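Chains G and D, in that order, give the protein sequences. For any residue, its number in my numbering is found by taking its place in the first sequence, counting from 1, and adding 337. For any residue, its number in my numbering is found by taking its place in the second sequence, counting from 1, and adding 15. Built from N, CA and C at the ideal position, the CB exists for glycine as well. All figures in this text were calculated on a predicted structure; none of them were measured in a lab.
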Amino acid sequence: MNGVHDMGGMHGMGPIEYERNEPVFHAEWEGRVYAINRALGAWRKWNIDAGRHQIELLPPADYLRMSYYEKWLARNIELLVQHGLVTHREMQTGTPDADSVKAVPALTLAGVPAALARGNFRRAQAGGKQLFQAGQQVRARNMNPLGHTRLPCYARGKTGTVARCHGVFVFPDTNAHFRGEQPQPLYSARFTARELWGADASPRDSVYIDMWESYLEHI
Amino acid sequence: MQDHGHGHAHDHQVVPSDPALRTKALESLLVEKGLVDPRALDALVDAYENKIGPRNGARVVARAWVDPAFKERLLADGGAAIAELGFEGTQGEHMVVVENTPLVHNMVVCTLCSCYPWPVLGLPPVWYKSAPYRSRAVIEPRGVLREFGVEVPEDTEVRVWDSTAEIRYLVLPERPAGTEALGEEELAALVTRDSMIGVAKVAAGGAA
Chain G
338 MNGVHDMGGM
348 HGMGPIEYER
358 NEPVFHAEWE
368 GRVYAINRAL
378 GAWRKWNIDA
388 GRHQIELLPP
398 ADYLRMSYYE
408 KWLARNIELL
418 VQHGLVTHRE
428 MQTGTPDADS
438 VKAVPALTLA
448 GVPAALARGN
458 FRRAQAGGKQ
468 LFQAGQQVRA
478 RNMNPLGHTR
488 LPCYARGKTG
498 TVARCHGVFV
508 FPDTNAHFRG
518 EQPQPLYSAR
528 FTARELWGAD
538 ASPRDSVYID
548 MWESYLEHI
Chain D
16 MQDHGHGHAH
26 DHQVVPSDPA
36 LRTKALESLL
46 VEKGLVDPRA
56 LDALVDAYEN
66 KIGPRNGARV
76 VARAWVDPAF
86 KERLLADGGA
96 AIAELGFEGT
106 QGEHMVVVEN
116 TPLVHNMVVC
126 TLCSCYPWPV
136 LGLPPVWYKS
146 APYRSRAVIE
156 PRGVLREFGV
166 EVPEDTEVRV
176 WDSTAEIRYL
186 VLPERPAGTE
196 ALGEEELAAL
206 VTRDSMIGVA
216 KVAAGGAA
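Take a look at the structure:
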């Protein structure tokens, strides 16, 4: 979706506000939201792409106003209800419904070290052939899907060069909507600053963007 | 504070509107329902506050500076080389390390969200996740770098890495001149988080 989250190249967002000696979390609740997010992920009711998309669905004004962990909090509340782990009523009352059966947490204290070390194993096993090779010129497709995509607006329709193939990866555009992992080759593609931004850009600079195969087309 | 629900979701907000209170209410509900283990939450917070952070990445960089064979492995297969030092896991499954040289300056951004290599750098700082950095890093990287106090010579190539997929990027900064006599641990102490994102250089005298 062409949301405000897709902000590469936008103007007017102001100067970068740098904080010296920044704490990992600015308040206790931020750490709890982070940890709750990780612990709920262990239920595997949704995936990382669906989680990202849920944040993209925030109304643009809210997206820009809310702090990072406020967005995570809103995302988790939404996903919990959508996927039936918590009911509407429970969210309103703050207490389990009378017929709620107490679960055993998917992530317990004993499971934390393994959860931290494990990762998500996102590189798919499937081999298969890749359509593009390093050094080849490609064009990022001009596409504007209503759903989740990781093809940024600023690259669409632009011509670049394949730098390398990273292997085969789960496709976020389908996975975010529970339409399957549909793994496909993922490439690093180099786009010159002048191709992306025009003649005023530096003649030397470039942006490398990770591109799933179906984001690219032959020239 | 506003009620941060949206669309059809407005009616299932946890009652308090303050995020601290809402988080507390949510956690207590989830604990009562057996959906989360509060001790697991404590352990996760502790891990990212105290164990998993940019000191990990600094050790990787220092090793690369003193051990050419390690550096070669690091640039060829970042994940495997970093795992030699014991750093792996969530949001670091597929690591690519890019080297800064006098000819090439690399910097990393995630324009679409907040992708960042957690096992080596910990959780990202607020500025990295913010609209100003995400919007500008790709269109005016040299201006952004100037804001961080880094002037990149005109004949140096700037490469911006937009983390749009599950690949996580770590910048291998240049080893500063005048550090030839330093050992690996002393070198690691000089390496800053920002230098591994690619928005700072490493100073021989340590962080500015």
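- Restricting attention to G/V544, G/E367 and G/A435, the CA atom closest to the CA of D/A35 is found in G/E367.
- At the C-beta level, G/V505 and G/E518 stay beyond 8 Å of one another.
- Beta-bridge analysis with DSSP links G/G504 to G/L523.
- Measuring C-alpha to C-alpha distances from D/T194 to each of D/V217, D/Y131 and D/C130 identifies D/V217 as the nearest.
- Of the residues assessed, D/V124 falls on the buried side of the cut-off, its CB having 16 or more other CB atoms within 10 angstroms.
- Per the DSSP secondary-structure output, D/W80 pairs with nothing in a beta bridge.
- Interface with chain D (8 Å Cβ-Cβ cutoff): G/P520 is excluded.
- Counting along the chain, the unbroken alpha helix (DSSP H) around G/Y400 starts and ends at P397 to R402.
- Considered as a whole, the stretch 343-389 of chain G harbours 365-378 as its complete alpha helix (DSSP H) runs of no fewer than 4 residues, in chain order.
- Listed along the chain, the chain G residues whose CB falls inside 9 Å of the CB of D/I182 are H503, F506, L523, S525 and D547.
- Not a single CB atom of chain G sits nearer than 8 Å to the CB of D/R78.
- Within chain D, no C-beta atom comes less than 9 Å from the C-beta of G/F515; the nearest is roughly 18 Å away.
- Counting C-beta atoms within 10 angstroms of its own C-beta, D/K66 has fewer than 16 neighbours from the protein chains shown and is therefore classed as exposed.
- Checking the DSSP bridge columns, you'll see G/V341 has no partner listed.
- When secondary structure is reduced to three states using DSSP, G/T496 falls in the strand class.
- Below the 9 Å Cβ cutoff, chain G contributes P360, V361, F362 and G368 as neighbours of D/E64, in chain order.
- Fewer than three pairs of CB atoms, one per stretch, sit closer than 8 Å, so the stretch 97-115 of chain D makes no contact with the stretch 402-420 of chain G.
- For D/Y184, the enclosing beta strand (DSSP E) stretches over residues I182 to L187.
- Residue pairing for G/F528: DSSP places it in a beta bridge opposite G/V544.
- Per DSSP, the continuous beta strand (DSSP E) segment holding D/R174 begins and ends at E172 to D177.
- A direct Cα-Cα distance of roughly 36 Å separates D/A79 from G/R476.
- Among the CB atoms of chain G, one or more fall inside 8 Å of the CB of D/E47.
- Pairwise C-beta distances place the stretch 368-378 of chain G in contact with the stretch 441-457 of chain G, as three or more of them are shorter than 8 Å.
- D/A192 is bridged by DSSP to nothing; it lacks a bridge partner.
- Beta-bridge annotation (DSSP): D/V111 is paired with D/Y184.
- Under the three-state reduction of DSSP, D/L127 is assigned to coil, being neither helix nor strand.
- Residue pairing from DSSP places G/E554 in a beta bridge opposite G/R476.
- At least one C-beta of chain D is nearer than 8 Å to the C-beta of G/G431.
- Residue-level contact check: G/E550 does not touch chain D, since none of the beta carbons of chain D fall below 8 Å from its beta carbon.
- Secondary structure note for D/E201: its alpha helix (DSSP H) is the uninterrupted segment E199 to L205.
- The DSSP-derived three-state label of D/H120 is strand.
- In the DSSP assignment, D/W133 forms no beta bridge with any residue.
- If you compare the alpha carbons of G/M403, G/H390, G/G349 and G/V361 with that of G/H514, the shortest gap goes to G/H390.
- Close to G/I373, with beta-carbon spacing below 8 Å, are these residues of chain D in chain order: T38, L41, E42, L45, V51 and L56.
- Residues of chain D whose Cβ lies closer than 7 Å to the Cβ of G/M347 are, in chain order, S150.
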